Amino acid sequence: MADVGAHERELAMEALDAHRRDGRLERGEHASRCAAASRATTRAELEALFRDLPEPHPAYPSAARAVPAPRPEPVGAPAAPDLPELVGPAGAAIARHAGLISLLTPAVAAVLFALSGGRFPWVFVLVPVVLATVAYISYRHQQ
Numbered sequence: 026m027a028d029v030g031a032h033e034r035e036l037a038m039e040a041l042d043a044h045r046r047d048g049r050l051e052r053g054e055h056a057s058r059c060a061a062a063s064r065a066t067t068r069a070e071l072e073a074l075f076r077d078l079p080e081p082h083p084a085y086p087s088a089a090r091a092v093p094a095p096r097p098e099p100v101g102a103p104a105a106p107d108l109p110e111l112v113g114p115a116g117a118a119i120a121r122h123a124g125l126i127s128l129l130t131p132a133v134a135a136v137l138f139a140l141s142g143g144r145f146p147w148v149f150v151l152v153p154v155v156l157a158t159v160a161y162i163s164y165r166h167q168q
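Position 32, counted from 1, in the sequence shown is what the numbering used here calls 57; the numbers after and before it change by one each time, with no gaps.
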């Protein structure tokens with residue numbers, strides 16, 4: 026019993042579309058079979074959709090081509106760094122203090138504006154930028 030992927034499901038739905046165009050399937054039956062094809066996890070489930078239909082049936086790729094062989098790791102090669110582990114602690118700290126950062130950002134912008142003598146009002150643009158960045162990092166960290 027071979028497992029199927031998205032490509033095999035698409036091939037089955039294309040064959041069902043051909044049967045619909047040729048008038049062998051009514052709209053409701055076509056929709057029902059396409060829904061079943063989209064949920065299928067094995068080749069047998071897909072083949073069952075075509076038992077009472079003549080050709081065309083989907084031309085599935087061979088099992089040998091469907092699953093690529095894993096590439097061997099070179100001996101002595103360093104392991105690839107796991108990037109989420111590298112940035113995880115910073116994301117966790119930002120997510121933990123998101124409320125405080127959001128609260129202090131407008132105050133810091135006001136202080137910078139006052140210290141500049143009112144010459145740089147663009148510092149207030151930093152407020153939504155910082156808040157959006159903190160919100161994005163907090164969201165990504167929660168996933």
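A virtual CB, placed ideally from N, CA and C, is assigned to each residue, including glycine.
Please read all numbers here as calculations on a predicted model, not as lab measurements.
Counting along the chain, where does the alpha helix (DSSP H) carrying residue i start and finish?
i, result
"HIS55", "52-64"
"LEU74", "LEU74 -> no alpha helix (DSSP H), and no H or E assigned at all."
"PHE138", "123-140"
"ASP42", "31-46"
So, is residue i buried or exposed, given that buried needs 16 or more other C-beta atoms within 10 angstroms?
i, result
"HIS44", "buried"
"LEU71", "buried"
"ALA27", "exposed"
"LEU41", "buried"
"ARG73", "Looking at the sequence shown, residue 73 is not Arg but Ala. Per the 10 Å Cβ criterion, exposed."
"ALA65", "buried"
"LEU50", "buried"
"ALA105", "At ALA105, the pLDDT of 49 sits below 50, so the modelled position is not reliable; the number obtained from the coordinates is stated separately. It is exposed - the Cβ of ALA105 has fewer than 16 other Cβ atoms within 10 Å."
Between the options, which lies nearest to residue i when the distance is taken from Cα to Cα?
i, options, result
"PRO153", "LEU71, ALA62 and VAL133", "VAL133"
"VAL19", "TYR161, ALA160 and ALA135", "With the chain covering 26 to 168 only, the question about residue 19 has no answer from this structure."
"HIS32", "ARG121, ALA84 and GLU80", "ALA84"
"THR158", "GLY143, ILE126 and VAL148", "ILE126"
"SER57", "GLY48, ARG68, ALA160 and MET38", "MET38"
"VAL148", "PRO131, ALA61 and LEU50", "PRO131"
"SER163", "LEU129, HIS122 and GLY142", "HIS122"
"SER63", "PRO86, LEU78 and GLU35", "GLU35"
"LEU156", "PHE145, ARG144 and GLY124", "GLY124"
"PRO86", "ALA160, ARG144, LEU78 and VAL29", "VAL29"
"PRO79", "ALA160, ALA69 and ASP47", "ASP47"
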